[in-house]
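Protein chains in written order, with this note's numbering: chain A, 1 to 294; chain B, 1 to 322; chain C, 1 to 338. Everything on this sheet refers to the single structure shown next.
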Amino acid sequence: MSAPQNVMEPPARLAWGEVRLSVEQASYAYGAGGERQAPLFTLGATSFQARQRELVAVLGPNASGKSTLLRLLAGSAKPLSGRVLLDGFETSAMDPRTRARRIAMVQQETSLLFPVRAWEYVLQGRHPYGHGLRFETPEDCAIAENALAQLGATHLADRPMHEISGGEKQRVILARALAQQPLLLLLDEPTLHLDLGAQVELLRQLRRLAEENRYTVVVVTHELNLAAEFADQVVLLHRGKCLRVGAPAEVYHPEFLTQVYGADLEVETSSRGIPRVIVRGGPRGGGELPRMES
Amino acid sequence: MRKRKQRFNRLLRATPAVLYLACATNLAAVRVQDPPARPAAPAVTREVTDETGRKVRVPAVVRRIVSLAPSLTETVYALGAQERLVGVTDYCDYPAEARSKAKVGGAVTPSIEHIVALKPDLVLAQAHGMNRRETVEALERLDIPVFTTSARTVEELLGSVERLADVMGAAERGAVLLADLRARLAGLARRLEGRTPRKVFFVVWYEPLISVGPQTFLADALRRAGAQSVVETSQDWPQVNLEELLRLQPEFLVFASSHTEGVARTVESLREQRGWRALEAIQKKRIAGISDAVNRPGPRLLDAIEQLARQLHPEAFPGVAP
Amino acid sequence: MKPLTPKRLAWICGTLGGALLLVMAISLKFGATPVSLTELLVNLWRVAVGTIAEIPSEHQMFVFELRLPRILLGVLVGAALSVAGAGFQALLRNPLADPYVLGVSSGAALGAILSLILAANRPLAMPLAAFAGAAVTIAAVYFLGRRSGEIDSYTLLLGGIITASFLSGVIMFLMTTLSGRDLRGIAFWLMGDLSSPAPVAAGWLFAVLGLAIGAIYTTAADLNLLLSGEQEAMHLGVDVPRVKLVVYLGASVLTGLAVSVSGAIGYVGLLVPHVMRMLFGSDYRVLIPTSALGGAIVIVAADTLARTIVSPTQLPVGAMTAIAGAPTFLYLLRRRLP
């Protein structure tokens, strides 16, 4: 007896275990269009690969190139050197509609001008599947409903977006991304405005969705421990350079982390083999507070 | 939700009637392309050129006149053609009987429909008054003849009266009126001969301070009354700085008003104000009032000019109270 | 979940269209001489059937030469301004945007004034010059509003406001040089006035109207997404630069068209889209046609009132739209709040 077809799942193109997302020596610089100033490199050559059902966390302090990397993955920017391939196609070379059908960028917040209901918002995710002046088909509606259902947000469907907030809003935003039926989900610091409970909830949802719908998920985040708990791979960036790529246990070494974050950190490994970052340097930990320069 | 449905239902019920009308207007749109039939053109017309250079086809016998300016209405009455006057503006109030004529709206935007409904065979308009070119063009497009006068001086006004008399078929009355007006003007000129014109400042409005330019009708009327406007500018209604006025120190201030008390009150309030009190004309009470008729270039203008002349040059009018 | 269907759209448009025809019929009826509509219909029927060659002159004169053209002009101007307003609100992501915010009407006014000064007696000079002024302003503001080769909403808004202010200054200066007669003419034109007949056949004007509205309508679905934010829209597959350009050109042409034939009638472009949003929702696939029809209804109604309320005195139609429009908007706004 075969399992019921998951409506949210994009047509299976890859066999299990095949690489979906391939970043090969991709770099990016502003002002590389031949202006008088030397180009400002925001991201040096970076490489990593991700498969379906994998969750990759991109870590690094501010101005480390995380957002640039995300833009390269989304195809909004063309890499100066190297390439970013999704299923063998360069992301920056795709036309916008095709790209929107393969890659979903999940927003942190909404800035809506006029009142929009949650179901209307989610239906917007079906836009890349229509032509010109189109009306949504019953199929589109079904997909949108399913997206909400997968996130447990069906009860929010008729509420106006500006009346929903926090974790619930995050779910509706995520539902819109799901409605795009993408292969790749990208999230830029989604945990920023959420409390701890909501953060954990979000990452669990992402893991579950990656599993059920066979997504590749890339999450840019500051949360080292959450990333360690939920990510299969971690990409550590520092000042535009990719310092390390690998499983959390491989990347979370105190030398790397201290170099990157400049803080006094220790790493413990739990019984399950998952590294945990511990902060040192507070008054109770026995560390000395830095003396102020006079 | 239910209210919306109610509204829609109500609108829906009106639809059948409206659909008939839709068909009708569609048919109408097709028909409009044929040139509409006019009532047979009046038997005899002649072509005249009005004072703005337009060629106008007026009937030889004019029976129904619409006037678009108060001064033109006054002229029509002065020429004795009031029986044939069928429409006037809201502001035509002199003579009093003019108020009882049918109205066609304001002078700036009269109602074209009302004018057309009166079936005029001649419409009178003014080039330097309130009437707009658009009104004249709109009427011409409907084949209604419009004669536009253009008078910037008193002499031109007399010429307009003469031409209007001719167009309206009141040439005889016109000749009489003109002779009278010319005689009065000549008499006035004789009285004022040799006297230096008084330097005056005509106050159109005082907040902001607005006067008249030398090329306006008002300036010419002032000249005829033995006055000289001290304002030198190319604009018609210049806004003048109070400092400039103090520098010019005119001999007289002239106000246009229908009530002498109104002028007196205004002057009293101005006397208190800084700047104004430094004017010699205010200090020495050299204020002249001139009737509102000066704003209407019509036959009553002569009365206003004479009235002003008497105030400015009382010595020239022995035995007459100013 | 009730998505928009072609059927619902047709129903809404049909209802509004019916309302428009009703308002037009009422407008046809009233004026200096009331026209009996039934008589008119009967005559029209007879003409159509061939019983009589032509309608008796009385009706024809008033209805076809004076009132119907004015009503049609009102429909044109109302539709043009409302769709332009809706378009600019999306393009500039600003609910307070109206068709004049980018300076198009000031450019048209400047063209009109220059035509008064330079080419006083030519009959078609003013509307053509006004449209030319509008076109030049559209191009100038477009180039001012670009960043890295595409329209940037914020820069466009600033560029447009600055242009409008500059042109207003020039206009004020020129107005002091005009003769009294021309001054009054331009003052009335600036207030908005439907009494001057259209310079070219109604057919051409409506063709341009249809093309411009049609062009904007092709981007209707994209505009819904654009309102969520440009980045988001791009990530959802919208060709943002192209959509912005199409909407900018379409809405500007509509504004230029309306202003050239009737001066700058205010409030319609700002209020009608908001009222239609309250009644029928913010989806631009519905908003554009309802704004067009709603704007036409408002202008025809306002113009009818303007020319009959204190007849024979004619009020400027822009004054009517402001006086009647603002309280209506307030009422709807209050009803919407809990």
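Ideal Cβ placement from N, Cα and C applies to all residues, glycine included.
Through-space distance from residue j to residue i, alpha-carbon basis
i	j	result
D34 (chain B)	L209 (chain C)	The pLDDT assigned to D34 (chain B) is 34, lower than 50, so where the model puts this residue is not dependable, and the model offers no usable value.
R101 (chain A)	A74 (chain A)	12 Å
R131 (chain A)	L315 (chain C)	The sequence shown places His at residue 131 (chain A), not Arg. Rounded to the nearest angstrom, the two C-alpha atoms are 47 Å apart.
L20 (chain C)	T304 (chain C)	13 Å
A5 (chain C)	E136 (chain A)	As written in the sequence, residue 5 (chain C) is Thr, which differs from the Ala given in the question. Computed Cα separation, rounded: 8 Å.
G318 (chain C)	V88 (chain B)	26 Å
F202 (chain B)	L246 (chain B)	14 Å
G275 (chain B)	E243 (chain B)	8 Å
S111 (chain B)	V146 (chain B)	15 Å
G65 (chain A)	R51 (chain A)	22 Å
R284 (chain A)	I278 (chain A)	14 Å
S282 (chain C)	P327 (chain C)	21 Å
L312 (chain B)	T73 (chain B)	30 Å
P115 (chain A)	G281 (chain A)	48 Å
R146 (chain C)	Q181 (chain A)	34 Å
A45 (chain A)	R83 (chain A)	10 Å
A140 (chain C)	R93 (chain C)	21 Å
Proximal residues of chain C, C-beta to C-beta of residue i below 7 Å
i	result
L123 (chain A)	P3
V123 (chain B)	Ordered by position in chain C, no residue passes the 7 Å Cβ test against V123 (chain B), which lies about 14 Å from the chain.
D90 (chain B)	T313
A74 (chain A)	H235
K103 (chain B)	P312
R272 (chain A)	Under the 7 Å cutoff, chain C gives no residues; its nearest Cβ is about 36 Å from R272 (chain A).
Residue i: first and last residue of the uninterrupted beta strand (DSSP E) it sits in
i	result
G246 (chain A)	K241 to G246
D222 (chain C)	Segment A220 to L226 is the alpha helix (DSSP H) holding D222 (chain C); no beta strand (DSSP E) there.
A256 (chain B)	F252 to A256
Q25 (chain A)	V19 to Y30
R199 (chain B)	Reading off the sequence shown, one finds Lys at residue 199 (chain B), where the question assumed Arg. First-last of the beta strand (DSSP E) with K199 (chain B): R198 to V203.
F48 (chain A)	L40 to R51
I287 (chain B)	I287 to I290
L185 (chain A)	L184 to D188
D65 (chain B)	The displayed chain sequence assigns Ile, not Asp, to residue 65 (chain B). Per DSSP, I65 (chain B) belongs to the beta strand (DSSP E) from I65 to S67.
Q126 (chain B)	L122 to Q126
CB contact flag (residue i, residue j, <7 Å)
i	j	result
T163 (chain C)	G103 (chain C)	yes
R184 (chain C)	V108 (chain B)	yes
D98 (chain C)	G269 (chain C)	yes
A258 (chain C)	A80 (chain C)	yes
V261 (chain C)	A207 (chain C)	no
Q107 (chain A)	I164 (chain A)	no
L302 (chain B)	L181 (chain B)	yes
L112 (chain A)	L236 (chain A)	no
V122 (chain A)	A175 (chain A)	yes
P238 (chain B)	S211 (chain B)	yes
F41 (chain A)	A29 (chain A)	yes
R224 (chain B)	V294 (chain B)	no
T191 (chain A)	E223 (chain A)	yes
A179 (chain A)	A147 (chain A)	yes
Residue range of the unbroken alpha helix (DSSP H) whose run includes residue i
i	result
F88 (chain C)	L68 to L91
I103 (chain A)	Note, I103 (chain A): premise wrong, no alpha helix (DSSP H); beta strand (DSSP E) at I103 to V106.
Neighbouring residues, chain C, relative to residue i (Cβ below 9 Å)
i	result
S111 (chain B)	G31, A32, S195, R307, S311, P312, T313 and Q314
G352 (chain A)	Absent from the model: residue 352 (chain A). The displayed extent of chain A is 1 to 294, so no value can be given.
E51 (chain B)	By Cβ distance, chain C contributes nothing, its closest Cβ being about 13 Å from E51 (chain B), past 9 Å.
H127 (chain A)	A221, D222, N224, L225, A233, L236, G237 and V238
Proximal chain A residues relative to residue i, where beta-carbon distance stays under 9 Å
i	result
Y217 (chain C)	L133
S106 (chain C)	Per Cβ cutoff of 9 Å: no residues; S106 (chain C) is ~26 Å from chain A at best.
R93 (chain C)	S111 and L113
P6 (chain C)	F135
Closer than 9 Å at the beta carbon, the chain B residues around residue i
i	result
G78 (chain C)	Here the premise fails: no neighbours, minimum Cβ distance about 17 Å.
G185 (chain C)	V108, R132, R133 and E134
Residue i CB to nearest heavy atom of the ligand ATP below 6 Å
i	result
A219 (chain B)	The ligand ATP is not part of the structure shown, which contains no ligands of any sort.
Compile a chain-ordered list of the residues in the region 22-54 of chain C whose CB is closer than 7 Å to at least one CB of chain B.
-> L22, A25, G31, A32, T33, L41, L44, V47, A48 and E54
Any residues in the region 103-114 of chain A with a beta carbon nearer than 7 Å to a beta carbon of chain C? Which ones, in chain order?
-> M105, Q107, T110, S111, L112, L113 and F114
Positions along the region 228-258 of chain C whose CB lies within less than 9 Å of some CB in chain A = S228, G229, Q231, E232, A233, M234, H235, L236, G237, V238, D239 and V240
Compile a chain-ordered list of the residues in the region 276-303 of chain C whose CB is closer than 8 Å to at least one CB of chain A.
-> R277, S282, D283 and R285
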